[in-house]
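To keep things clear, I will list the structure first and then write my remarks on it.
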Amino acid sequence: MKRILLAVVALAVIAVGAWFFFLRTSGVPVYAVNIAATHPHDPTAFTEGLFFKGGALYESTGEIGSSTIRKVDLATGKILQQAELPAPYFGEGIIAFGDKLYQVTWQDKTGFTYNLKDFALGDTFSYTGEGWGMTENGKNIILSDGTPELRFLDPKTMQVASTLTVTANGCPVAKLNELEWVDGEIWANIWQTNLIARIDPANGEVKSFLDVTGIAPKSDDPDVVPNGIAYDAASKRVFVVGKRWPQLFEVKQGAAVSNSAQATQLTTCSK
């Protein structure tokens, strides 16, 4: 009888351990994406920032000597308007707030403002650390810097009003890159992965991941990674693209993904 009892206890312990491990590695849902529409995209664009406004896409491209901000026609991919960022600056995220367009640079700790209408150069601003992605929530400009911490900036002063640490299953999520505000959530590309994190701005927790593996082009170039999210709030359309991708995709959430090695790594605090 004691042997039977011990066996039952052992099985219970194993079951509890397996249940805990399952929750630990699968506590954040992962979903594939379905393609709703496809649009042309400049295959030479080293995309660092993206947003949708007034029926057009606005995109920033990186790399020293070829960094730009662009207004792009969604249907044709044609560049309607462009401003170049001279060396030594490496352009990163962009966002519009009011009648201005804001741009950060990677490691120069310098940001630029432009007139949204004609891209006329305005003031500069400074910040500590690196500049990666940008979005806005109607009150603040939100900046990512490659760490798990997002900064909420006052658009008038570009000073930090507050910060938010992003976690997934209790694990800090680093390499947050291009950002987008989507219906009360912060969406973020996670650099060097095919995952987009959907973040609760109230507590920084990742609610779910979108996995764009199925639409990412196959390439041996390690820089050809997903990096660009734009949202058309009026039509509830989400657009995603990547660096040097030949196409931009309108996507919708698809089926649940049962096994994502990248998500498991992020949610188990692995390095």
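Oh and the sequence shown: position 265 is 267 in my numbering, straight run, nothing missing.
We put the CB at the ideal spot given by N, CA and C, even for glycine.
Query, Result
"Tell me whether Ala-170 sits in a helix, a strand or coil according to DSSP, three-state version.", "strand"
"Using 10 angstroms around the beta-carbon of Ala-47, count the other beta-carbons present and answer buried if the total reaches 16, otherwise exposed.", "buried"
"Rounded to whole angstroms, what's the CA-CA distance from Ile-66 to Thr-137? Just pull it up for me.", "23 angstroms"
"Which two residues bound the contiguous beta strand (DSSP E) that contains Gln-249?", "249 to 258"
"Which of the three DSSP states is assigned to Leu-118 in this structure?", "coil"
"Using a Cβ distance threshold of 8 angstroms, determine whether the segment 165 to 181 contacts the segment 136 to 156, with at least three qualifying pairs required.", "yes"
"Below 6 angstroms CB to CB, which residues in the same chain sit around Glu-252 once its five sequence neighbours on both sides are set aside?", "Ala-38, Ala-39, Arg-239, Phe-241"
"Please check the pair Pro-31 and Ser-210, which I expect to be a contact at CB under 8 angstroms, by giving their CB distance rounded to whole angstroms.", "4 angstroms"
"Drop a sphere of 10 angstroms on the beta-carbon of Leu-25, count the other beta-carbons inside from all chains shown, and report buried for 16 or more, exposed for fewer.", "Interpretation of Leu-25 is limited by its pLDDT of 40, a score under 50 that renders its predicted location unreliable; the figure taken from the coordinates is listed afterwards. Exposed, since its Cβ has fewer than 16 Cβ neighbours within 10 Å."
"Thinking Val-208 and Ile-217 are a contact (beta carbons under 8 angstroms), I'd like their distance in whole angstroms, please.", "About 21 angstroms; that fails the 8 angstroms criterion."
"Express the C-alpha separation of Leu-181 and Lys-55 in angstroms, rounding to a whole number.", "15 angstroms"
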